[in-house]
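Below is one structure; the comments refer to it alone.
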DNA sequence: GTCTATACGTGGATAGAC
DNA sequence: GTCTATCCACGTATAGAC
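Residue numbers (the UniProt record's numbering), protein chains in the order written: chain A, 1 to 184; chain B, 1 to 184.
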């Protein structure tokens with residue numbers, strides 16, 4: 001198939017940006033269209049309804065998730081480092097769309113839960129594979145979710161130094177537990 | 001002052017419930033009024049505008065926060081246990097209102113951030129006082145935030161067993177770190 | 001494929017009766 | 001203190017021109 005029209009991608013991006021920055025309430029068709037640089041009618045040509053727009057975003061998230069998990073598994077510094085660092089940083093397209101979907105899941109599109117659960121499960125599994133410790137993997141996964149949550153509430157951001165300490169804490173704990181119950 | 005009318009409290013409770021379960025978009029004056037068992041006009045007598053309603057909720061949260069932090073500090077099993085257990089459980093009035101406020105903070109009422117930040121800071125401090133370890137306190141605080149976040153997304157809930165493991169993990173880590181760098 | 005114009009429903013808020 | 005009736009603005013969606 002020929003490359004999909006750029007307008008489609010621009011609309012999805014604009015939609016995600018508005019969802020994350022100012023919430024579902026402000027993500028009106030008009031606001032999205034304006035930010036994407038098209039008209040309301042133009043937007044509705046690509047996405048015939050608001051539900052279709054949300055579906056489009058979720059589909060996009062599925063695509064991005066697979067790529068992100070792969071990147072996490074092959075990250076040089078390891079999965080823990082990769083996950084925690086990207087969670088505190090909302091710049092990437094994947095993080096943006098993930099957060100947008102979590103907004104949707106809290107509102108009128110509970111279908112979004114499914115996609116979010118899949119992502120959550122995929123990277124908890126990757127963490128477990130690296131750490132060999134399901135409980136610690138779960139703990140790291142929760143911290144990641146907490147970082148996402150705080151980042152979007154706009155709460156005081158964890159600076160890089162704080163993140164480094166957290167990552168070191170996990171490494172230290174992983175090692176300590178390998179000595180006691182890990183290899184059993 | 002005489003006890004405030006029961007209607008006021010009922011309206012705030014209904015508002016919080018709708019915010020948490022179906023998001024800001026569905027939290028219309030009409031929906032809130034209906035759930036609270038009053039009319040739109042009746043609601044608007046107590047809260048003259050939607051902003052006033054949100055302000056009322058935030059004020060209520062401030063009151064509840066002080067009480068919750070006090071409970072956390074004097075909890076028999078300790079602050080870590082108390083915080084993680086209450087984070088996974090959305091039944092209490094405090095948790096409901098906290099989550100409702102976090103919905104508001106993501107949307108049109110960034111003022112909510114302030115109140116949420118205060119709560120966050122208060123219990124991170126309580127954790128640090130108990131653990132004597134700022135980094136670990138931060139880690140637990142993030143896990144708590146992650147639990148909140150997942151609980152409302154409606155993701156697979158951490159069962160009690162999983163929670164117990166997490167709490168044990170924190171206790172174990174705290175002890176291990178006291179041996180190395182904690183008492184320096 | 002993208003735009004303008006328009007119809008329709010709904011949400012927020014006011015006025016005034018009870 | 002609570003209700004009903006009503007007004008206005010806005011958001012979604014359709015129709016049809018270009």
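Idealized CB from N, CA, C, for every residue including glycine.
- Residue 94 of chain B: member of the alpha helix (DSSP H) spanning 93 to 106, first to last residue.
- Considering only A:52, A:163, A:40, the residue with the shortest C-alpha distance to residue 140 of chain A is A:163.
- Boundaries of the alpha helix (DSSP H) around residue 56 of chain A: 50 to 73.
- DSSP places residue 117 of chain A in the uninterrupted alpha helix (DSSP H) bounded by 112 to 131.
- Residue 64 of chain B and residue 16 of chain A have their C-alpha atoms spaced approximately 33 Å apart.
- The beta carbons of residue 46 of chain B and residue 97 of chain B sit no closer together than 7 Å.
- Rounded to the nearest whole angstrom, the CA to CA distance from residue 29 of chain B to residue 133 of chain B is 46 Å.
- Rounded to whole angstroms, the separation of the alpha carbons of residue 13 of chain B and residue 19 of chain B is 10 Å.
- Under the Cβ criterion of 7 Å, residue 81 of chain B is not counted among the residues facing chain A.
- Within the segment 100 to 117 of chain A, the residues whose Cβ lies closer than 8 Å to any Cβ of chain B are, in chain order, 102, 103, 105, 106, 107, 108, 110, 113, 116, 117.
- Straight through space, the alpha carbons of residue 176 of chain B and residue 149 of chain A are spaced by roughly 29 Å.
- When secondary structure is reduced to three states using DSSP, residue 134 of chain A falls in the helix class.
- Residue 70 of chain B has its alpha-carbon roughly 53 Å from the corresponding atom of residue 39 of chain A.
- Residue 168 of chain A counts as exposed, since fewer than 16 other beta carbons sit within 10 angstroms of its beta carbon.
- Here the segment 52 to 59 of chain B makes contact with the segment 95 to 115 of chain B; the two share three or more CB pairs at distances below 8 Å.
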